[in-house]
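Accompanying notes for the structure given below.
Chains as they are written, first to last, in the numbering used here: chain A, 651 to 972; chain B, 651 to 972.
Rendered as structure tokens:
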């Protein structure tokens, strides 16, 4: 497992800031906070900032930026099993550019409307281009999905395919502006319906934003367990397999960020219920390994021999070139 | 009244984005959004971004930045009469600097703890220095303070003194690093207790973040009324009067941003109750004028003659030099 990044250390540093409140069900350290204001459902609260040149290329289409700024937050709520409800937008840009704003709004609006999210407020300021979206969702009391419930013997699953966004980034940097991998990078489809379907079934869930190895690592650390993954079972798209060597494809699948799939663990006795629950979603889920008591992440080949986890750790925003 | 700034136009542009939801009591266009999740109280939700070099000097002490990032949001909730509860922090910085982070956390933590706010989550990313705080508060159903309730005949009030932060900015730019005006600029004291005291008394409230003329302008526009202000009644600190000519002081009081006082309107029959409600707060409130049916903001001297509103409009983030 990679060591905690500077990014992670700073997050921990702020974990105990401010007052201590009884109505905080879950604070810093999961995909979203859980809060109890006495309503029928708990509130799930998350925020993500995308900085131009760090989280999206400076020449990315404005519509894709608007889509992605909301998508990354929808993905956080999906990992909690929450139903998204309300968003706030804080937009910082050097100058108001009408064309860019129109495209950005189009991308944001389409995804928000598709998920029943109302944009209820925000802030607009002058400065280097960056977008912060805050998203609030609702989740049934006592049922929210968390990172800390994985137990030895649970099966490890992942949705969709992995590594396509990493390939898309490489293609974008090489000048390609279209194709399925670039599309995956720019318009991730948050797995909100899957998250809702996992309520009562998954023992732990995380969204894959920084790479499977790093994000599964969060489940392992919070749950106090380890995992064995079968390399041959990692779901890879035909595009990824066609464009990369097997070694490169494995590195993209385990270390590439921006996939926004869900990685989750399921007790063996619920695997049949899981298959029924996801049957109507039009989204594959693949068993890729097993939770074990011994800490750490182990990768094995088809003969069961341990192979090294590709060295690239999770996408560390502070480690990435600006 | 100043024309809507580009800043304001962009805000309006996003007002109808996303889905339309029954549980949105108040969306884009007030100090905070009001949302109803069926709890005993409504949720009040706001977000503000501070960009280095735009909203605070690049050499501002980290502790002051941490204080101010939360204070500006507390001020928004104060203007709704909400009790602050939970905050999310999104911090963007070029490199993790331990000393800066320690100071920033100290300033944020102290103010959060003083107002009973728990920091429950956030995001940390690499990029140009900027801080976004999202704040959620709770307010009694049907009692939230809004911008749209001012009626002809209501008295216009403001808390504390005006223009000190504008003086503080000028002093900072001239190299001064201490003194009451600089302190007002760097460590604004959000008027949360006053906001709570105004529930049931004020007909409209706004926080003074962009300058009294601009912010009172929001009340006038949303309420469909005008106002007459008596220049001689504007509350000016001894510091402001000592450092500025009367004309300069008036310009600071009407056009200077960052004061974070509350401006509010009160029906005449509730003025006595207002005095009782604020008696224990240790904060002066001053009647400065009257709401009138005719649109627009009029300023009069002690002889009742109309005088021009100093031309500097509200602090426009897109208009300010970066």
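For glycine and all other residues, C-beta sits at the position ideal for the given N, C-alpha and C.
Review point. Does residue 723 of chain B get closer than 7 angstroms to chain A when you measure Cβ to Cβ?
Key: no
Review point. What residues from the segment 729 to 752 of chain A come within 8 angstroms of chain B, judged by C-beta to C-beta, listed N to C?
Key: 735, 736, 737, 738, 739, 740, 741, 742, 744, 745, 746 and 751
Practice item. Could you tell me the distance, in whole angstroms, from the CA atom of residue 795 of chain B to the CA atom of residue 778 of chain A? Key: 34 angstroms
**Study point:** For residue 737 of chain A: DSSP bridge partner residues
**Key:** A:769 and A:785
Exercise for review: Can you give me, in chain order, the residues of the segment 768 to 791 of chain A that have a beta carbon less than 8 angstroms from any beta carbon in chain B?
Suggested key: Listed by position, the residues of the segment 768 to 791 of chain A near chain B (Cβ gap below 8 angstroms) are 768, 769, 770, 771, 772, 773, 774, 775, 776, 777, 778, 780, 782, 784, 786 and 788.
**Study point:** Beta-carbon proximity of residue 817 of chain B to residue 890 of chain B, cut-off 7 angstroms
**Key:** yes
**Study point:** Euclidean distance between Cα positions of residue 784 of chain A and residue 719 of chain B
**Key:** 16 angstroms
Review point. For residue 750 of chain B, which residues of its own chain have a beta-carbon under 8 angstroms away from its beta-carbon, when the five flanking residues on both sides are left out?
Key: Only 712 and 743 meet the Cβ criterion.
Check your understanding: Which residue from A:915, A:726 and A:952 puts its Cα closest to that of residue 1019 of chain A?
Key -> Given that chain A is displayed from residue 651 to residue 972, the structure contains no residue 1019 of chain A and the question cannot be resolved.
Review point. Taking the alpha-carbon positions, what's the residue 774 of chain B to residue 912 of chain A distance?
Key: Straight-line Cα distance between these residues: approximately 21 angstroms.
Exercise for review: Say whether chain B places a C-beta atom closer than 7 angstroms to the C-beta of residue 850 of chain A.
Suggested key: Chain B contact via Cβ: absent.
Review point. In terms of residues, what are the limits of the beta strand (DSSP E) holding residue 674 of chain B?
Key: 674 to 676 is the extent of the beta strand (DSSP E) around residue 674 of chain B.
Review point. Would you call residue 708 of chain A buried or exposed, if buried means 16 or more other Cβ atoms sit within 10 Å of its Cβ?
Key: exposed
Exercise for review: Please confirm if residue 698 of chain B has its CB atom under 7 angstroms from at least one CB of chain A.
Suggested key: Residue 698 of chain B belongs to the set of residues whose beta carbon lies under 7 angstroms from a beta carbon in chain A.
Point to revise | Neighbourhood of residue 675 of chain B by C-beta, 7 angstroms cutoff - its chain only, sequence neighbours within 5 removed | key: These residues qualify, in order along the chain: 684, 685, 686 and 692.
Point to revise | Amino acids of chain B, ordered along the chain, whose beta-carbon sits closer than 8 angstroms to that of residue 766 of chain A | key: 669 and 671
Review point. Per DSSP, residue 776 of chain A forms a beta bridge with which residues?
Key: A:743
**Study point:** Contacts of residue 683 of chain B in chain A (Cβ-Cβ under 8 angstroms)
**Key:** 736, 738, 770 and 771
Point to revise | DSSP bridge partner residues for residue 805 of chain A (one or two, in chain order) | key: Per DSSP, A:916 and A:940.
Point to revise | Residue from B:753, B:695 and B:704 whose Cα sits closest to the Cα of residue 733 of chain B | key: For residue 733 of chain B, the closest of B:753, B:695 and B:704 by C-alpha to C-alpha distance is B:695.
Point to revise | Option in A:878, A:925 and A:846 with minimal Cα separation from residue 955 of chain A | key: A:878
Review point. What runs of the alpha helix (DSSP H), each 4 residues or longer, lie entirely inside the segment 844 to 869 of chain B?
Key: If we require 4 residues or more, the segment 844 to 869 of chain B turns out to have no alpha helix (DSSP H) run fully inside it.
Review point. Nearest-angstrom Cα distance between residue 892 of chain B and residue 748 of chain A?
Key: Residue 892 of chain B and residue 748 of chain A: Cα-Cα distance of roughly 45 angstroms.
Practice item. Give me the Cα-Cα distance between residue 804 of chain A and residue 823 of chain A, rounded to the nearest whole angstrom. Key: About 39 angstroms.
**Study point:** Close-in-space but distant-in-sequence residues of the same chain around residue 834 of chain A (CB under 6 angstroms, 5 per side omitted)
**Key:** 814, 815 and 818
Review point. Using the beta-carbon of each residue, which ones in chain B are nearer than 8 angstroms to residue 763 of chain A?
Key: 668 and 669
Point to revise | With 16 other Cβ atoms within 10 Å as the buried cut-off, status of residue 923 of chain A | key: exposed
Point to revise | Boundaries (first-last residue) of the beta strand (DSSP E) holding residue 701 of chain B | key: 691 to 701
**Study point:** residue 663 of chain A: contacting residues in chain B (beta-carbon distance under 8 angstroms)
**Key:** 751 and 755
Point to revise | Beta carbon of residue 854 of chain B nearer than 7 angstroms to that of residue 797 of chain B | key: yes
Review point. Would you call the segment 697 to 704 of chain A and the segment 660 to 669 of chain B in contact, with 3 or more CB pairs under 8 angstroms?
Key: no
Check your understanding: Is the CB of residue 674 of chain A under 7 angstroms away from at least one CB in chain B?
Key -> yes
Review point. Which residue's Cα is closest to the Cα of residue 876 of chain A: A:884, A:866 and A:677?
Key: A:866
Review point. Nearest to residue 989 of chain A by alpha carbon, out of A:821, A:882, A:752 and A:802?
Key: This structure cannot speak to residue 989 of chain A, because chain A is shown only from 651 to 972.
**Study point:** Identity of the residues DSSP links to residue 680 of chain A by a beta bridge
**Key:** A:678
Review point. Is the Cβ-Cβ distance between residue 996 of chain A and residue 728 of chain A less than 7 angstroms?
Key: Because residue 996 of chain A is not part of the residues shown, which for chain A are 651 to 972, the question remains open.
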